[in-house]
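Chemist: The structure follows.
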Amino acid sequence: MNNLSQTILVKKLKNSWKEKKSNHHSMHDLCSRICSFPPSIPEYYIKKYSNPGDVVFDPWAGKGTVPFEAIRNGRMGIGNDKSPEAFILTHAKIKPVNKKSFEKYVYELEKKMNRCKITSKLTYLDKRASVFYSKKTFEQILKLKKVLLNEKSHSAIFTKAIILGLLHGSTVLSFSLKCSHSYAMSPPYVQKYTKEHGLRKPYRDVINCILEKGFRILENEMPKQKGIATNTDSRKLKISSNSVDMILTSPPYFDVQTYAWANWLRLWFLNYDYKQIKKELAESGDPEIYRNFMNESIKELFRVLRPGSRCFIVVGDVFLGSGKYRRFVNTANFLKPSLIDAGFKIEKFVLDEIPQIKKVNSYVGKEKGIKKERIIYLIKPKN
2 MNNLSQTILV KKLKNSWKEK KSNHHSMHDL CSRICSFPPS IPEYYIKKYS NPGDVVFDPW
62 AGKGTVPFEA IRNGRMGIGN DKSPEAFILT HAKIKPVNKK SFEKYVYELE KKMNRCKITS
122 KLTYLDKRAS VFYSKKTFEQ ILKLKKVLLN EKSHSAIFTK AIILGLLHGS TVLSFSLKCS
182 HSYAMSPPYV QKYTKEHGLR KPYRDVINCI LEKGFRILEN EMPKQKGIAT NTDSRKLKIS
242 SNSVDMILTS PPYFDVQTYA WANWLRLWFL NYDYKQIKKE LAESGDPEIY RNFMNESIKE
302 LFRVLRPGSR CFIVVGDVFL GSGKYRRFVN TANFLKPSLI DAGFKIEKFV LDEIPQIKKV
362 NSYVGKEKGI KKERIIYLIK PKN
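Residues in the sequence shown are numbered consecutively from 2, following my numbering.
Take a look at the structure:
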């Protein structure tokens, strides 16, 4: 086992994966989500550090980019995420349906919608969601929400994922008025911005939008290999010990990225209250709470990884607090004791600087947001 005094090599990221023009797959356009890997990163690491047939795992899968690139490149991809909308996106990516099954399911869905009745009484969250849509579009969305609530087939999950990608955005298929694809803004802000800029809420035939978007997503040939999607706490993984050949992941960045709030509209559609989901996720600016969460999670990563195999963790430098209490945290160094205590050998830290224009929230000032990420190279010793 290593100790805290070990010397760790720190390098700047070589641009091999950045400069490489990845063969982009249509499935990656399923849905935009904050803090997601560009496909070129997992593609590069999976091809370089794993072999065909290996099991590649991401315990914080987000929108499923890592497990999808795994199955696309002949590996077994496993993606886990505690957040319900992330689980839906990951499941849809690694267990896709074919165009014929999808089309048949959506037309059956339309029939159910036509028979569905929506009461005039709206909940608090319904009213908040409604500010994004025209009245007739919102009525269709409410029917979709009700009809799909307990549907769990592969076709249903894929259709839900398509809808999550259309709930807000700026394309001609987006259900909402023009807004961000990656996160849902607050209703008061949307109302104010809409009024100030004279925005019109478009009418959408949601079934036609779903079909067109689905056909685009299914345009490229899908991997023959199917993956595995799980929806569990990263501290209690339902995966056998010593069964994973490679881990590639990016854990929550303290509470700098508020995953539940950023996805509140998608969670609403799936019948969740984002406030409750926030309590279940690792969103905390308290270093001790975050450390305890990561301590337990890292032990689980070590447990499931096969001896002699590698784990790559991408973390961002963050600032916590504000004013005179604002302080810088190098998350890689912060996690170093936990990684060593779990039994990992740290090979090196690789620095990756993020251009401002590449950030999801690129509108924030230069001193805000995550400017640097560090990729931690780990290995589980064979003995």
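Glycine is no exception: its CB is placed at the ideal position from the N, C-alpha and C atoms.
If contact is defined by three or more beta carbon pairs under 8 Å, each pair taking one atom from either stretch, is the stretch 240–256 in contact with the stretch 283–302?
Modeler: yes
Chemist: Going by DSSP, name the residue or residues bridged to Asp-353.
Modeler: Glu-374
Chemist: Starting from Thr-91, trace the alpha helix (DSSP H) in both directions and tell me its first and last residue.
Modeler: 85–95
Chemist: Cα separation between Ser-37 and Asp-206?
Modeler: 29 Å
Chemist: Does Ala-62 come out as helix, strand or coil in the three-state DSSP assignment?
Modeler: coil
Chemist: Using only the alpha-carbon positions, how far apart do Gln-141 and Arg-116 sit?
Modeler: 12 Å
Chemist: First and last residue of the beta strand (DSSP E) that includes Gly-309?
Modeler: 306–317
Chemist: Could you check whether the Cβ of Ser-183 sits closer than 7 Å to any heavy atom belonging to the ligand FAD?
Modeler: As presented, the structure is devoid of all ligands, the ligand FAD included, so that no description of it is given.
Chemist: Tell me whether Met-77 sits in a helix, a strand or coil according to DSSP, three-state version.
Modeler: strand
Chemist: I need the straight-line Cα distance from Gly-63 to Leu-123, nearest angstrom please.
Modeler: In this structure, the alpha-carbon of Gly-63 lies about 30 Å from that of Leu-123.
Chemist: Of all the options Gly-309, His-155 and Asp-287, which has the alpha carbon lying nearest to the alpha carbon of Phe-335?
Modeler: Asp-287
Chemist: Measure how close the beta-carbons of Asn-351 and Arg-328 come, nearest whole angstrom, since I'm counting them as under 8 Å.
Modeler: Checking the sequence, you will find Val at residue 351 rather than Asn. Actually they do not touch by this definition, with Cβ atoms about 24 Å apart.
Chemist: Which class does Val-98 belong to by DSSP, given the choice of helix, strand or coil?
Modeler: coil
Chemist: In the DSSP assignment, the alpha helix (DSSP H) including Asp-127 goes from what residue to what residue?
Modeler: 125–131
Chemist: If I follow the unbroken beta strand (DSSP E) through Arg-205, where does it start and stop?
Modeler: Counting along the chain, Arg-205 falls outside any beta strand (DSSP E), and DSSP gives it neither H nor E.
Chemist: Which value, in whole angstroms, describes the spacing of the CA atoms of Ala-333 and Glu-70?
Modeler: 25 Å
Chemist: Go through its chain and collect everything with a Cβ distance to Val-191's Cβ below 8 Å, but skip five positions before and after it.
Modeler: Excluding positions up to five away in sequence, the list reads Val-132, Phe-133, Leu-178 and Cys-180.
Chemist: Determine the extent of the alpha helix (DSSP H) in which Asp-342 is found, giving its start and end residues.
Modeler: 332–343
Chemist: What does DSSP give as the partner residue(s) for Thr-231 in the beta ladder?
Modeler: Asn-81
Chemist: Grouping DSSP H, G and I as helix and E and B as strand, with all else coil, what is Lys-144?
Modeler: helix
Chemist: Quick check on the DSSP output: the beta strand (DSSP E) that includes Val-245 runs from which residue to which?
Modeler: 245–250 is the span of the beta strand (DSSP E), which, as asked, contains Val-245.
Chemist: Could you pull out every residue in the same chain whose Cβ sits closer than 7 Å to the Cβ of Met-223, ignoring the five residues on either side in sequence?
Modeler: Pro-97
Chemist: Pairs of beta-carbons, one from the stretch 228–240 and one from the stretch 71–80, closer than 8 Å: are there three or more?
Modeler: Three or more beta-carbon pairs separated by less than 8 Å link the stretch 228–240 to the stretch 71–80, which places the two stretches in contact.
Chemist: Taking Arg-34 as the reference, give the member of Ile-89, Asp-55, Pro-53 and Tyr-46 with the closest Cα.
Modeler: Ile-89
Chemist: Is Leu-150 buried or exposed, if buried means 16 or more other CB atoms sit within 10 Å of its CB?
Modeler: With fewer than 16 other CB atoms across the displayed protein chains lying within 10 angstroms of its CB, Leu-150 is exposed.
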